[in-house]
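If you read the sequences in order, they're chains F and B.
Be aware that the first sequence starts at 551, since it is given in my numbering, and climbs by one per residue.
Be aware that the second sequence starts at 551, since it is given in my numbering, and climbs by one per residue.
Heads up: the structure comes next, in structure tokens.
Number of protein chains: 2
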Amino acid sequence: MNITDVITLLEEKKLITLRSNFEEMHPADIAALFSELIERNFPEASLILLYRVMSKEVAAESFTYMEPSAQETLINSFTDRELSEVLDELYVDDAVDMVEEMPANVVSRILKNADPAMRSQINNLLKYPVDSAGSIMTTEFVYFRTGKTISECFDRIRSVGIMKETVYTCYVTDKRKLVGAVSLLEMLTADPSMLIEDIAESNIITVNTLDDKESVARTLSKYDLHAIPVVDNEDRIVGIVTFDDAIDVIEEENTEDFSKMAAVAPLDESYFKTTVWHHARSRLPWLLFLMLSATLTGFVISKYEDAFEKVAILVTFMPMIMGTAGNSGSQSSTLIIRGMAVDEINLRDFLKVFWKEFRVALICGAVLGVVNGLRIYYFEKAGALIAVTVGLSIVGVVILAKIVGSMLPMLAKKIHLDPAIMATPMISTILDTCSLLIYFSLAVLILHV
Amino acid sequence: MNITDVITLLEEKKLITLRSNFEEMHPADIAALFSELIERNFPEASLILLYRVMSKEVAAESFTYMEPSAQETLINSFTDRELSEVLDELYVDDAVDMVEEMPANVVSRILKNADPAMRSQINNLLKYPVDSAGSIMTTEFVYFRTGKTISECFDRIRSVGIMKETVYTCYVTDKRKLVGAVSLLEMLTADPSMLIEDIAESNIITVNTLDDKESVARTLSKYDLHAIPVVDNEDRIVGIVTFDDAIDVIEEENTEDFSKMAAVAPLDESYFKTTVWHHARSRLPWLLFLMLSATLTGFVISKYEDAFEKVAILVTFMPMIMGTAGNSGSQSSTLIIRGMAVDEINLRDFLKVFWKEFRVALICGAVLGVVNGLRIYYFEKAGALIAVTVGLSIVGVVILAKIVGSMLPMLAKKIHLDPAIMATPMISTILDTCSLLIYFSLAVLILHV
Numbered sequence: 551m552n553i554t555d556v557i558t559l560l561e562e563k564k565l566i567t568l569r570s571n572f573e574e575m576h577p578a579d580i581a582a583l584f585s586e587l588i589e590r591n592f593p594e595a596s597l598i599l600l601y602r603v604m605s606k607e608v609a610a611e612s613f614t615y616m617e618p619s620a621q622e623t624l625i626n627s628f629t630d631r632e633l634s635e636v637l638d639e640l641y642v643d644d645a646v647d648m649v650e651e652m653p654a655n656v657v658s659r660i661l662k663n664a665d666p667a668m669r670s671q672i673n674n675l676l677k678y679p680v681d682s683a684g685s686i687m688t689t690e691f692v693y694f695r696t697g698k699t700i701s702e703c704f705d706r707i708r709s710v711g712i713m714k715e716t717v718y719t720c721y722v723t724d725k726r727k728l729v730g731a732v733s734l735l736e737m738l739t740a741d742p743s744m745l746i747e748d749i750a751e752s753n754i755i756t757v758n759t760l761d762d763k764e765s766v767a768r769t770l771s772k773y774d775l776h777a778i779p780v781v782d783n784e785d786r787i788v789g790i791v792t793f794d795d796a797i798d799v800i801e802e803e804n805t806e807d808f809s810k811m812a813a814v815a816p817l818d819e820s821y822f823k824t825t826v827w828h829h830a831r832s833r834l835p836w837l838l839f840l841m842l843s844a845t846l847t848g849f850v851i852s853k854y855e856d857a858f859e860k861v862a863i864l865v866t867f868m869p870m871i872m873g874t875a876g877n878s879g880s881q882s883s884t885l886i887i888r889g890m891a892v893d894e895i896n897l898r899d900f901l902k903v904f905w906k907e908f909r910v911a912l913i914c915g916a917v918l919g920v921v922n923g924l925r926i927y928y929f930e931k932a933g934a935l936i937a938v939t940v941g942l943s944i945v946g947v948v949i950l951a952k953i954v955g956s957m958l959p960m961l962a963k964k965i966h967l968d969p970a971i972m973a974t975p976m977i978s979t980i981l982d983t984c985s986l987l988i989y990f991s992l993a994v995l996i997l998h999v
Numbered sequence: 551m552n553i554t555d556v557i558t559l560l561e562e563k564k565l566i567t568l569r570s571n572f573e574e575m576h577p578a579d580i581a582a583l584f585s586e587l588i589e590r591n592f593p594e595a596s597l598i599l600l601y602r603v604m605s606k607e608v609a610a611e612s613f614t615y616m617e618p619s620a621q622e623t624l625i626n627s628f629t630d631r632e633l634s635e636v637l638d639e640l641y642v643d644d645a646v647d648m649v650e651e652m653p654a655n656v657v658s659r660i661l662k663n664a665d666p667a668m669r670s671q672i673n674n675l676l677k678y679p680v681d682s683a684g685s686i687m688t689t690e691f692v693y694f695r696t697g698k699t700i701s702e703c704f705d706r707i708r709s710v711g712i713m714k715e716t717v718y719t720c721y722v723t724d725k726r727k728l729v730g731a732v733s734l735l736e737m738l739t740a741d742p743s744m745l746i747e748d749i750a751e752s753n754i755i756t757v758n759t760l761d762d763k764e765s766v767a768r769t770l771s772k773y774d775l776h777a778i779p780v781v782d783n784e785d786r787i788v789g790i791v792t793f794d795d796a797i798d799v800i801e802e803e804n805t806e807d808f809s810k811m812a813a814v815a816p817l818d819e820s821y822f823k824t825t826v827w828h829h830a831r832s833r834l835p836w837l838l839f840l841m842l843s844a845t846l847t848g849f850v851i852s853k854y855e856d857a858f859e860k861v862a863i864l865v866t867f868m869p870m871i872m873g874t875a876g877n878s879g880s881q882s883s884t885l886i887i888r889g890m891a892v893d894e895i896n897l898r899d900f901l902k903v904f905w906k907e908f909r910v911a912l913i914c915g916a917v918l919g920v921v922n923g924l925r926i927y928y929f930e931k932a933g934a935l936i937a938v939t940v941g942l943s944i945v946g947v948v949i950l951a952k953i954v955g956s957m958l959p960m961l962a963k964k965i966h967l968d969p970a971i972m973a974t975p976m977i978s979t980i981l982d983t984c985s986l987l988i989y990f991s992l993a994v995l996i997l998h999v
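Listed below in structure tokens is the structure:
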């Protein structure tokens, strides 16, 4: 059922058809449909009517998949009854994400309608720092105390499992300390009368509540776990992070890196949800900073003014040289930044990277320099000396660019800055100045201007 | 146990200690340890000895986590016996990945030692196009024929589950057609005497064997599935893609996009595993292309030579104007490319994007232009007309840059090119020329040079 079907069915008051169609759809698709309606400024009254057409379960389920903006619109027209129905459907970590997005008045209403247990859990999770494992974990995991038999554990799963985010890996605790993890499959294939701790795996990969969520996600992916237990400083299990949250974290982090590397302050909303003003605000600071730092190149040029006043053709090669420097540099910086992000490259590889980039630069620089020198000599008829000047400059700037491009991101990390800010725009602004210096000083040297 | 411990223990022939230490480690960490040893050119003989120290299970398990290069080294010194032991441990999809990486002679040896069932499955999977769902799926999923009771299904899980990649979502088939999916939790909480099809979910998210693996991964993540069934054109289930493979796909695709957007041909190996020559080969083509297309800027400049010979100071602002154009453009192109990659932006949003970027450009351009104009007027004392010329140029190039930067990637997608190739380097090379044209024609207009 696509959006136009919905609208027509709604206009024709075919509510029963609507209801049954919704039953057929996946909650995520229903959610998408609602966001689209909101984008088209569909009247809120009809929106909430549409929501009420759905069966309680479908409605609540699809609510959990909606974007914050859509959720807020609905919550505002919810009865307290509907709100608490929805909250019962939510896993605590989803509820927390929701609360984090909402304005204060909505938040207080959410907390008022959440049952006491969930309310305390939400408040608890909200205490963890942003981007920490604690802030993304869910407290809905299944654990067994030591001393229970496997069949007892199965009873527990049957009784509580349905409210838990996953039951496929369960945890064994001894005085709240995490002592083991056991997969449901192992439980199924073991003798039901055995004690749970006898089949549980005792050396377990865990993360701390304060660990960075990105490293948590990568750990989960490294060990192919579908949930990773989060423990506090006393090794007590306080929650788990499941694979689906890990995937979201990885994608968010990647989107953030893409933005930073293009000198855009990361947006918290999607491209279209972000207002024009907010877009401008997120782009202007870097543009301003980079534009003003580009005045440096101006100084360099004015310093060599007489040089290109004598040999005007020198000016025509400036953009090509600066461009080549920028491109060579961004190649290196991007590879290094990405390599560090996925833990392929560590700070201790400093020298290895330097040596590798230097050799790559030699090859690239030589090829580019020769090609360009010959082109200038044969096609632009600019004279051998000019050709040599430009050719050598290219070699020089490529080597410089790859060294600067690869070292600056590592330096940034070394001093605990985000390596991503040392990406293309930053690097090329720095390289513009350096490459002009190389170019003009070579010109003075070779052409005696 | 870290690498030095291993080496010392090996030298002191403390093999029993080694063996028991390995038992304590996670296979993924053992694998990492082996790759590190290989990087340090640890003698192959000692490497295979180290491998044989481990218990059969641990050895085979950790082998599955190793990098292709490490696997190849070991396979070469494996006895056929050891090789087939490892192959028994592998899931078919891992085996396929392995085969795809290995040289022909190794491949034939692998296939020779795989049991007939696996051999045929490997050959089968190898037939699917690269980057297709078929090429990354595993054929080890659990399915039940309709008509079975839940308790019968549990027996099946107990007997075959241990060899399957996941048992937590099982599939119901009728004459090999996929008719339902059921979670192990639902089976646990239902009455064992019921028929499986009665509790199975009948409207299922599936993908086709030929679907692109990236879209498969995103579908899985969109619906928070931990496995997604892969069906052929007759709706027969032929495999599943599990969340861990999906995460790997997402990360690969992101790494590829980062490379492409920095004008680097994607590498198939990690940064350090890639040789200097290969690095150079993957970077040179774009550098060459971009360098040569930069000659265009040369033509523009020489066309206006007399302009800046009269007003030399004009030259000093060239880099700043080109830089600002490049940065503004890459901001837009990156946001659009990423937005399309994660399906937030579609081609039909063409006009919406245009209108949004245009307004953002107006704001950014105005601010940058005014700031720069005032700076030039008050600090560089370059005269009002120059200030106006540069200021207006900035406004012009920012607007142009954001339009070009946002439209070109969408255009690329429209004509079925990878949008990522329209990223920073490409955009800024194009913009260099355009921005110089704007700058100089404004100069001629305002300064009458």
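Here a beta-carbon is modelled for each residue, glycine too, at the ideal position from N, C-alpha and C.
- Tell me B:Y721's beta-bridge partners as DSSP assigns them. B:Y693, B:A731
- Query: Does the distance from the C-beta atom of B:L897 to that of B:K810 stay below 8 Å?
  - Reply: no
- Query: For chain F, is any of its Cβ atoms less than 8 Å away from the one on B:H576?
  - Reply: yes
- Task: Name the two residues that bound the continuous beta strand (DSSP E) containing F:I790.
- Result: Segment 787-792, the beta strand (DSSP E) holding F:I790.
- Please name the residues in the stretch 877-896 of chain B whose beta-carbon is closer than 7 Å to at least one beta-carbon of chain F, in chain order. N877, S878, S880, Q881, T884, L885, R888, G889, V892, E894, I895
- Let me know if B:Y928 comes out buried or exposed under the rule of 16 or more other beta-carbons within 10 Å of its beta-carbon. exposed
- Message: Within 10 Å of its beta-carbon, does B:V646 have 16 or more other beta-carbons around it, so buried, or fewer, so exposed?
- Response: Looking at its Cβ environment, which holds 16 or more other Cβ atoms inside 10 Å, B:V646 is buried.
- Short CB-CB distance (under 8 Å) between B:D774 and chain F: yes
- Query: My guess is that F:I797 and B:S771 are in contact by the Cβ rule of under 8 Å, so how many angstroms apart are they, rounded?
  - Reply: 5 Å
- Task: Determine, using beta carbons only, whether F:R909 comes closer than 8 Å to chain D.
- Result: Although the question refers to chain D, the structure presented lacks it and instead comprises the protein chains F and B.
- Query: Can at least three beta-carbon pairs, one atom from the stretch 705-722 of chain B and one from the stretch 725-739 of chain F, be found at a separation below 8 Å?
  - Reply: Flag = yes, the stretch 705-722 of chain B and the stretch 725-739 of chain F touch.
- Compare the C-beta of B:K964 with all C-beta atoms of chain F and state if any pair is closer than 8 Å. Not closer than 8 Å to any Cβ of chain F, the Cβ of B:K964 fails to qualify, so no.
- Along the beta strand (DSSP E) that carries F:A777, what are the first and last residues, could you check? 777-781
- Query: Would you call the stretch 782-794 of chain F and the stretch 852-872 of chain F touching, i.e. three or more CB-CB distances under 8 Å?
  - Reply: Contact between the stretch 782-794 of chain F and the stretch 852-872 of chain F is absent, because fewer than three Cβ pairs lie under 8 Å.
- Task: Could you say which of B:N655, B:Y821, B:D644 lies nearest to B:Y615 if we only look at CA atoms?
- Result: B:D644
- Would F:L942 pass as a contact of F:L981 if the rule is Cβ separation under 8 Å? no
- Does the separation of the CB atoms of B:M652 and B:E632 fall below 8 Å? Taking 8 Å as the cut-off, the Cβ atoms of B:M652 and B:E632 do not count as close.
- Can a CB atom of chain F be found closer than 8 Å to the CB of B:E607? no
- Is the Cβ of B:V826 closer than 8 Å to any Cβ of chain F? yes
- In chain order, what residues of the stretch 697-708 of chain B put their CB closer than 8 Å to some CB of chain F? Legend: CB atoms of the stretch 697-708 of chain B lying less than 8 Å from CB atoms of chain F belong to residues F704, I707, R708.
- Message: So, at 8 Å on beta carbons, what are the nonlocal neighbours of B:R831 in its own chain, with the 5 sequence-adjacent residues on each side left out?
- Response: A815
- Message: I want to see whether chain F comes within less than 8 Å of B:R898, judged by CB atoms only; does it?
- Response: no
- Query: So, helix, strand or coil for F:T979, using DSSP?
  - Reply: helix
- Taking the alpha-carbon positions, what's the F:D579 to B:H576 distance? Going from the Cα of F:D579 to the Cα of B:H576 covers about 39 Å.
- Task: Output the residue ranges of the alpha helix (DSSP H) runs that lie fully inside the stretch 582-626 of chain B and measure 4 residues or longer, sorted by chain position.
- Result: 594-603, 606-615
- Between the stretch 896-910 of chain B and the stretch 967-980 of chain B, do at least 3 Cβ pairs fall closer than 8 Å? no
- Note down, in chain order, each residue of its chain lying with its Cβ closer than 8 Å to the Cβ of B:V656, except the 5 sequence neighbours on either side. Taken in chain order, the residues that qualify are E622, I625, N626.
- Who are the neighbours of F:S612 on chain B, taking C-beta pairs under 9 Å? Those within 9 Å of F:S612 in chain B number zero; the least Cβ separation is about 12 Å.
- Message: Could you compute how far the alpha carbon of F:L600 sits from the alpha carbon of B:I977?
- Response: 45 Å
- Query: Which residues in chain B sit within 8 Å of F:L834, going by Cβ to Cβ distance?
  - Reply: When 8 Å is used as the limit between beta carbons, F:L834 is near these residues of chain B: I913, C914, V917, L918, in chain order.
- Item | Expected contact under 8 Å - CB spacing of F:S880 and B:P975 to nearest Å | Between B:P975 and F:S880 the Cβ distance is about 7 Å, and since that is below 8 Å, they are a contact.
- How far does the alpha helix (DSSP H) with B:T759 in it reach, from first residue to last? Careful: B:T759 lies outside any alpha helix (DSSP H) and carries neither H nor E.
- Message: Need the endpoints of the alpha helix (DSSP H) that B:M957 sits in, please.
- Response: 934-964
- Message: Tell me which residues of the stretch 747-762 of chain B have at least one Cβ-Cβ distance to chain F shorter than 9 Å, keeping chain order.
- Response: Within the stretch 747-762 of chain B, the qualifying residues are N753, I755.
- Query: Mind pulling the chain B residues with CB within less than 8 Å of F:E806?
  - Reply: Residues of chain B passing the Cβ test: none, with the nearest at roughly 10 Å.
- Message: DSSP three-state label for F:L745, please.
- Response: strand
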